[in-house]
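Visitor:
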Amino acid sequence: MYIPDFNYHKPKSLLEALSILKECEKGILIAGGTDLLVEIKKGVRKVTDLITLSGVSELLEIDNNDDFIKIGSSLTHNDVMNSNIIKSELPALAEACSKVGSHQIRNSATIGGNICTGASCADTAPILLAYEASVQLTSMDSERLVPLKDFIINHHVTTIRSDEIMTGIIINKSKHRTVACFEKFGLREAASISVASSSSVIRFDSENCISANIVVGACGPIPIISENAGSFLSGKSLKELIASDDFLVRAGELASNDSKPISDIRGTADYRRHLVKILTVAAIRKSLNQIAN
Amino acid sequence: MKQLININVNGTNFELAVNPGMTLLDLLREELRLTGTKKGCELGDCGACTVIMEGKAVNSCIVLALESDGKHVETIEGLAVGEKMHPIQQAFVEKGGIQCGYCTPGMVMRTKAFLDECPDPDSEQIKEALTGNLCRCTGYTKIIEAVETASLYLKGKTPEIIEFQPQKSAMDLTVVGKRLPKLDSPDKATGRAIYTDDIVLPNMLYGKLLLSPIAHAKIISIDTSEAEALPGVKAVLTGKDVPDATWGTSPPRYDEYVLAKEKVRYVGDVVAAVAAIDEETCYKALKLIKVDYEELPAVFDPFEAMKPGAPRLFDHKYENNINTHVDHHFGNIDEGFADADYVREAKFTGNRIFQNPMEPHCAIAEWDRHDRVVLYTSTQVVHYVHHQLSRIFNKPLGDIRVIMTNCGGGFGAKAATNYLEILSIFLAKKTGRPVKMRYSRKEMYLYGRGRHKQHITLKMGVKKDGTITAVHQKAVLEGGAYSSFGIVSAYYAGSMLTTLYKFPNYRYEGFRVNTNLPPCGAMRGHGTPHPRFAFESLLSMLADDIGMDHISIRLKNAMTPETRTCNDLDIHSCELKACLELVRKKSGWDGKKGKLPLGRGIGIGCGGFVSGAGYPIYRSDFPHSNAIIKIQEDGSKATLFVGDADIGQGSDTVLAQAAAEALGITLDHISVISADSELTPIGFGAYSSRVTLMGGNASKMAGDSVRDKLLPTASALLNVPADKIKASNNKFFSIDNPEISIPWADVAKTYFSKQGPLTGNGHYSPPKGLGGNYKGAAVGTSPAFSFSASVCEVQVNLETGKVKILNFWDAHDCGTAINPMAVEGQVEGAIVMGMSEVLFEDEIFDSNGKMVNPDLHNYLMATSADIPVIDSSIVDSYEPEGPFGAKEVGEGATLPVLGAIANAIADAIGVRIYDLPITPEKILNAIRSKGQE
Ligand SMILES: Cc1cc2nc3c(=O)[nH]c(=O)nc-3n(C[C@H](O)[C@H](O)[C@H](O)COP(=O)(O)OP(=O)(O)OC[C@H]3O[C@@H](n4cnc5c(N)ncnc54)[C@H](O)[C@@H]3O)c2cc1C
Ligand code: FES
Ligand code: FES
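Protein chains in written order, with the working numbering: chain A, 4 to 296; chain B, 1403 to 2335.
Structure, rendered in structure tokens:
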């Protein structure tokens, strides 16, 4: 196992990084390298020019504004889960980050890398989708904000252009009471890839659910936003949701129907569909409990 | 192009030019020669390479060296201050958190970063913190204790001293029976212990193997010209460059070529070997070797393989691909079943498991100018490697030296000669330079030799009172492409069913079948865990049928001391009943069995194993274990030379304890040199759980002999008759008046001064004539058998099918535990390995025979977060054939685990899973189909 030679670029600022990326046609960005280096070592990816983001400090910040939170793409999963801002504002994201790999992986692996790899089993993508996050894509010539749902378009395929860097992930704050939860099922207790996950972000006005985003992970080429579960839940009153499990089970079934899992060594499609149901019910229930408490 | 970096490692600044593709791990190991940091998987899955960079624990195998520019890196070498170990290292040593030691540096570094952040962790936090560090040996239990202890040390506190009650048989002993830290653990804790891959010889080359990408094919031609022309390549070998002789593990089944000739038989079969200036060049050269294959139909399922007309792996032998067929019948099963009140038959299927020692195989060969070769290797069996090399190279043993370095775990994966050992020697010969070869994790899986997957049909009859009247087992072992240990595995699968319970009528039909998959071999419990899983499951099912308690039915049939089994195995010491009673009590069985809510379950399983095989693998009359003790001229220290191998199980320490006890000295006065064919007398090595009994007897005998030589001198010096003198605690003293004593060293020095070198020899051979007279009667024989019982409690999530193993209570009859802490370490390791097998592990192949999960990312093993609370006990027992009454624990500890878990899961969900691994999905399906009944 080895990593073939490549040209190494270490820009010291975002601007420099963007200019190298623009100049260097075959330039590939590396953040934590936990996906990229593994792919190179396994021989499934070839790289001639690596541009490391490790010297770019602009990507390491969390901005907490009145309207939105912006998470720098180079923050590691440990950075994100340990951030007080994230813990209080986006606790379900902190939870998702804490379920990525092992502690050592989380010390290197970045949230930006997790999204840009676009793997179907990426753990932060579903919860960020549920939070209706957007990604900030910056190039020498432009800066654009793309809703995450339009960013990941297939397994390992995103809409990023080769001259762009994902500089941040933006989550708008809601005026409404928001509860959220991330539920993951892996085959062992820790350090295991999701067989399935379910993320829920539910917003309430005083009494009623005004929107519910249920997003299923690892059960399709990309995380799947269950439109049916979401629209089923919205409009329901908090009281009725808490009073009866039937609604939750129904939402779970809808999410399960919306998922498009395949069978692989981690589980069959049938089993995954079943898990989606269970995980979705659990995610919604835990979300509701946050209000009850 | 190389680039300059500045890096601070353990406080020292370095300016280095590195290749862009170099990882931080390789920078540390290869450039700075800080080899304490280990390479286990190279893909971020195992944590063996953990170092601390800028205060954070990272996997250095997936960090580019370039990314460490300007950073502070701490490695295991930086922790100890001079001679003083860091408190974390101290705790790992004292608590027995180190076995093979390969995971240790990574564990310690992770612990360091963790305790810096979280100085007061509870055990759940510790379990969670260590999930990125896989350990295959310890079962994590003692590691977690070590981290708890370390956190106390770091806060300046001293941990409570726990009192342990010695076994009756160890009451009067001073070294044996004591919970002593392993002799090699300080070196392993500090990263000093040298494993094969840590060695770099001057002018050394690297070697790699070309593996077949096709499961079954004829080799039409091989063109190596482009590979040979690649700059940096020094040699390329193919089948035509090596002798025609075959080699293997069991003499009747030597069926492997050094390099494939004419045919390849599985994806991974070895086609060519390359030596070059570095591994990278080797890999590039391998890609340039052009092999023209003519693909043949392949077969992957043993039942398909046995059918007439199925593709044959070997044209001229193993008809119907049946590599080994056993048909044993003892007593008369027809009569036995007729006598039974209740008969039940069921089918069980095992899984394909790989040992996955954390250290990949590695070997280095070097020829000298006298046409002698030295091989450094990570092996369990120096002697068998030595013997096999002597055959292949047609050289006397004296012209080959095999040195075992530290070995980072084996569990059977390193219990036979491997391709690296042979081909590094060929490549070194051809190039005239030393050659190092190591497997990547994937190459380890493809080399294989893991557990045979067995398909078992088991039938058992019982009387109303639970007495077993007859047993009929049919087993089909999926063997893979070559024989390896398989012939023995096929016999063990049958022979070892008889040692735990008494039954007079038994038939065993076994088929080991070749398939186009990696060869299977011997893994912890060799051949017997799947039959034992089947047996323990069926016995509990029968107990339910006749309305009997699961422990009671075991007690009813339990083996008793001094019994000859129906297949002529001689049981001497046996405390199975005591084991059963103890776990019944400790687990609160009577209050739980049948009384737990749905989803919670409790189960029992029993196990046992040989304490060393009664006969060698190839025919020879050499004693199986041998020892020499040499005393320093001033009497200050004894050195024990033994051929047996410490692969992490702790045998060096245990043998030293046996020798020291016999000599009358304390453990700090003895050191061990083991497993070097030139320095140490032959020992068969670490397999079949043989070292404690056999190596222990040899070591004790050598110690006795030195002590006896000293008695006349002591007698003269003390003026006490020799038969009234005893040696212990570094003294010779008068038995009648212990005040009259003299330091041990003084006696030894006086002896040496007058009579010259003071040495003692010891050797051990099993009693002659073990076993019956039928074909295959040798397999299963042993001087002594171990026994154990385990109770397991589980919680099953009825919605997802996921199992959480909550508790394990284990009681083991290992005779006298020479080192109880080491015994617990074996039991804990076996329980966690066993649960990992039952719940997670399975080698998976696609329809072309390519392994789908040859890594630690997709082939899952238990992490620290998965483990149960383990309570392991050692019962009072004394084995007359063993040193100080000792017998085995290492492999036997695996055997109760599979059945105990399967029974607990069945108890929890009210339905049984018959095939391993017991995955959440299978559980859920079983629950559902039960619901539909
Ligand atoms: C042992 C192990 C366990 C793992 N377990 C999990 C798990 O449980 N759950 C999970 O979701 N993932 C897991 N992963 C995958 C991986 O760790 C994550 O996907 C990680 O977040 C990737 O981040 P990185 O910084 O390492 O990305 P890198 O490997 O550096 O980059 C990944 C890809 O993203 C691109 N990229 C990175 N940053 C940017 C940017 N700012 N702008 C544009 N493109 C960019 C790179 O070019 C590359 O193509 C695991 C990986 C390993 C090795
Ligand atoms: S060697 Fe780095 S994690 Fe295994
Ligand atoms: S001691 Fe942990 S792998 Fe051997």
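We put the CB at the ideal spot given by N, CA and C, even for glycine.
This structure is a prediction, so every number in the text was calculated from the model and none was measured.
1) At a cut-off of 7 Å, is A/Gly75 close to ligand 3 when judged by its beta-carbon and the heavy atoms of the ligand?
2) Since B/Ile2031 contacts B/Ala2104 with CB under 8 Å, what's their CB separation in whole angstroms?
3) Jot down the residue ranges of each uninterrupted beta strand (DSSP E) in the region 1778-1811 of chain B, minimum 3 residues, whole runs only, in chain order.
4) Would a C-beta distance cut-off of 8 Å place B/Gly2236 and B/Pro2322 closer than the cut-off?
5) Does the beta-carbon of B/Ile1500, which I'm using as the reference point, lie nearer than 7 Å to any heavy atom of ligand 3?
6) Please state whether DSSP places B/Thr1585 in a helix, a strand or coil.
7) For B/Glu1768, write down the residues that DSSP places opposite it in a beta bridge.
8) Thinking A/Val83 and A/Leu96 are a contact (beta carbons under 8 Å), I'd like their distance in whole angstroms, please.
9) Following a CB-centred definition, is A/Lys270 positioned closer than 7 Å to any heavy atom of ligand 1?
10) Would B/Ile2220 pass as a contact of B/Phe2286 if the rule is Cβ separation under 8 Å?
11) Any idea what DSSP makes of B/Val2254, helix, strand or coil?
12) Going by the DSSP bridge assignment, what does B/Leu1418 pair with across the sheet?
13) Spatial neighbours of B/Pro1568 within its chain, please: C-beta separation below 6 Å, excluding the five flanking residues on both sides.
14) Terminal residues of the continuous beta strand (DSSP E) containing B/Ala1872?
15) Please state if the CB of A/Ile114 and the CB of A/Thr74 are separated by a distance shorter than 8 Å.
16) Exposed or buried, which one is B/Tyr2176 when buried takes at least 16 other CB atoms within 10 Å?
17) Is it true that the CB of B/Thr2055 sits closer than 8 Å to the CB of B/Leu1582?
18) Give me the DSSP bridge partner(s) of B/Val2149.
19) Give me the pocket residues for ligand 2, defined as CB within less than 6 Å of any heavy atom, sorted by chain position.
20) Would a check of beta-carbon distances place B/Asn2338 closer than 8 Å to chain A?
21) Taking C-alpha atoms, which residue in B/Met1846, B/Trp2146, B/Ala1960, B/Gly2312 lies nearest to A/Met4?
22) Listed from N- to C-terminal order along the chain, which residues in the region 1456-1470 of chain B have their beta-carbon within a distance smaller than 9 Å of any beta-carbon of chain A?
23) Residues of chain B with CB closer than 7 Å to the CB of A/Asp8, please, in chain order.
24) Whose Cβ in chain B lies nearer than 7 Å to the Cβ of A/Lys44?
25) Could you please give me the residues that DSSP links to B/Met1455 through a beta bridge?
26) What's the gap between the Cα of B/Asn1796 and the Cα of A/Thr37?
27) Taking the alpha-carbon of A/Asn10 as reference, which of A/Ile31, A/Ser22, A/Glu19, A/Val198 has the nearest alpha-carbon?
28) Against chain A, with Cβ distances strictly below 8 Å, would B/Tyr1908 count as a contact?
29) Which of helix, strand or coil does DSSP assign to B/Ser2274?
30) Exposed or buried, what is B/Ser2275 when buried is set at 16 or more other beta-carbons lying within 10 Å of its beta-carbon?
31) Please determine whether the Cβ atom of B/Gly1809 lies at a distance below 7 Å from any heavy atom of ligand 3.
32) Hey, is B/Met1846 close to ligand 3, as in C-beta under 7 Å from one of its heavy atoms?
33) Closer than 7 Å to a non-hydrogen atom of ligand 1 - does that hold for the CB of A/Val198?
34) Whose Cβ in chain B lies nearer than 8 Å to the Cβ of A/Val41?
35) Is it true that the CB of A/Ile130 sits closer than 8 Å to the CB of A/Phe185?
36) If you compare alpha carbons, which of B/Gly2301, B/Gln2228, B/Pro2319, B/Ala2129 is closest to B/Cys1537?
Guide: Working from what's here:
1) Here residue 75 of chain A corresponds to residue number 72 of the first sequence, with the count starting at 1. Answer for A/Gly75: no, Cβ out of range of ligand 3.
2) Position 629 of the second sequence, counted from the start, is the residue given in the question as residue 2031 of chain B. Position 702 of the second sequence, counted from the start, is the residue given in the question as residue 2104 of chain B. Right, their Cβ atoms sit about 4 Å apart.
3) 1802-1806
4) Within the second sequence, the letter at position 834 stands for residue 2236 of chain B. Within the second sequence, the letter at position 920 stands for residue 2322 of chain B. Their beta carbons are not under 8 Å apart, which means B/Gly2236 does not touch B/Pro2322 by this criterion.
5) Looking up residue 1500 of chain B in the second sequence gives position 98. For ligand 3, at least one heavy atom lies less than 7 Å from the Cβ of B/Ile1500.
6) Stepping through the second sequence from its first residue, residue 1585 of chain B is reached at position 183. Per the sequence shown, residue 1585 of chain B should be read as Leu rather than Thr. Reduced to three states, the DSSP call for B/Leu1585 is coil.
7) Here residue 1768 of chain B refers to the residue found at position 366 when the second sequence is read from its first residue. DSSP, once it has assigned bridges, lists B/Val1776 as partnering B/Glu1768.
8) Sequence index remark: in the first sequence, residue 83 of chain A carries index 80 (1-based). Sequence index remark: in the first sequence, residue 96 of chain A carries index 93 (1-based). Right, their Cβ atoms sit about 7 Å apart.
9) Indexing the first sequence from 1 puts residue 270 of chain A at position 267. Inspection of the sequence shows that residue 270 of chain A is occupied by Gly rather than by Lys. Every heavy atom of ligand 1 is 7 Å or more from the Cβ of A/Gly270, so no.
10) The residue labelled residue 2220 of chain B in the question sits at position 818 within the second sequence. The residue labelled residue 2286 of chain B in the question sits at position 884 within the second sequence. Yes.
11) To locate residue 2254 of chain B, count along the second sequence from 1; it is residue 852. Three-state DSSP puts B/Val2254 in coil, outside helix and strand.
12) On the second sequence, position 16 is the one that residue 1418 of chain B refers to. In the DSSP output, where bridge partners are listed per residue, B/Leu1418 has B/Ile1407.
13) Start at 1 with the first residue of the second sequence, and residue 1568 of chain B comes out as number 166. Cβ neighbours of B/Pro1568 beyond the five flanking positions: Gly1579.
14) Position 470 of the second sequence, counting from 1, holds the residue named residue 1872 of chain B. That run of the beta strand (DSSP E) goes 1870-1882.
15) For the purposes of this step, residue 74 of chain A is taken as the residue at position 71 of the first sequence. For the purposes of this step, residue 114 of chain A is taken as the residue at position 111 of the first sequence. In the sequence as presented, Thr is not what sits at residue 74 of chain A; that position holds Ile. Yes, they are a contact pair.
16) Residue 2176 of chain B sits at position 774 when you count from the first residue of the second sequence. Flag for B/Tyr2176 reads exposed.
17) Sequence index remark: in the second sequence, residue 1582 of chain B carries index 180 (1-based). Sequence index remark: in the second sequence, residue 2055 of chain B carries index 653 (1-based). It is a contact, given that the beta carbons lie within the stated cut-off.
18) Numbered from 1 along the second sequence, position 747 holds the residue referred to as residue 2149 of chain B. Looking at the DSSP assignment, B/Val2149 forms no beta bridge with any residue, so it has no partner.
19) B/Lys1441, B/Gly1442, B/Cys1443, B/Glu1444, B/Gly1446, B/Asp1447, B/Cys1448, B/Gly1449, B/Ala1450, B/Cys1451, B/Asn1461, B/Cys1463
20) Examination of residue 2338 of chain B is not possible in this model, given that chain B is present from 1403 through 2335 alone.
21) Looking up residue 4 of chain A in the first sequence gives position 1. Here the closest residue by C-alpha is B/Met1846.
22) Lys1458, Ala1459, Val1460, Asn1461, Cys1463, Ile1464, Val1465, Leu1466, Leu1468, Glu1469
23) The count along the first sequence starts at 1 and reaches residue 8 of chain A at position 5. Neighbours of A/Asp8 on chain B, chain order: Asn1421, Pro1422, Gly1423.
24) If you number the first sequence from 1, residue 44 of chain A lands on position 41. Result: Glu1444, Leu1445.
25) Taking the second sequence and counting its residues from 1, the one referred to as residue 1455 of chain B is at position 53. Partner(s): B/Lys1458, B/Val1475.
26) For the purposes of this step, residue 1796 of chain B is identified with residue 394 of the second sequence, where counting begins at 1. For the purposes of this step, residue 37 of chain A is identified with residue 34 of the first sequence, where counting begins at 1. Approximately 48 Å between the Cα atoms of the pair.
27) In the first sequence, the residue the question calls residue 10 of chain A occupies position 7. It is A/Ile31 whose Cα lies nearest to the Cα of A/Asn10.
28) Here residue 1908 of chain B corresponds to residue number 506 of the second sequence, with the count starting at 1. B/Tyr1908 does not count as touching chain A.
29) Counting from 1 along the second sequence, the entry for residue 2274 of chain B is found at position 872. Three-state DSSP puts B/Ser2274 in a strand.
30) Numbered from its first residue, the second sequence carries residue 2275 of chain B at position 873. With 16 or more Cβ atoms within 10 Å of its Cβ, B/Ser2275 is classed as buried.
31) If you number the second sequence from 1, residue 1809 of chain B lands on position 407. What sits at residue 1809 of chain B in the sequence shown is Cys, not Gly. No; taking the cut-off as 7 Å, the Cβ of B/Cys1809 has no heavy atom of ligand 3 nearer than that.
32) Your numbering for residue 1846 of chain B matches position 444 in the second sequence. No; taking the cut-off as 7 Å, the Cβ of B/Met1846 has no heavy atom of ligand 3 nearer than that.
33) Residue numbering aside, residue 198 of chain A sits at position 195 when the first sequence is read from its first letter. Outside the cutoff, so no.
34) Counting from 1 along the first sequence, the entry for residue 41 of chain A is found at position 38. By Cβ distance, chain B contributes Leu1445, Gly1446, Ile1464.
35) Against the first sequence, residue 185 of chain A aligns to sequence position 182. Against the first sequence, residue 130 of chain A aligns to sequence position 127. Yes, Cβ-Cβ distance for A/Phe185 and A/Ile130 is below 8 Å.
36) Here the question's residue 1537 of chain B lines up with position 135 in the second sequence. The alpha carbon of B/Cys1537 has as its nearest neighbour, out of B/Gly2301, B/Gln2228, B/Pro2319, B/Ala2129, the alpha carbon of B/Gln2228.
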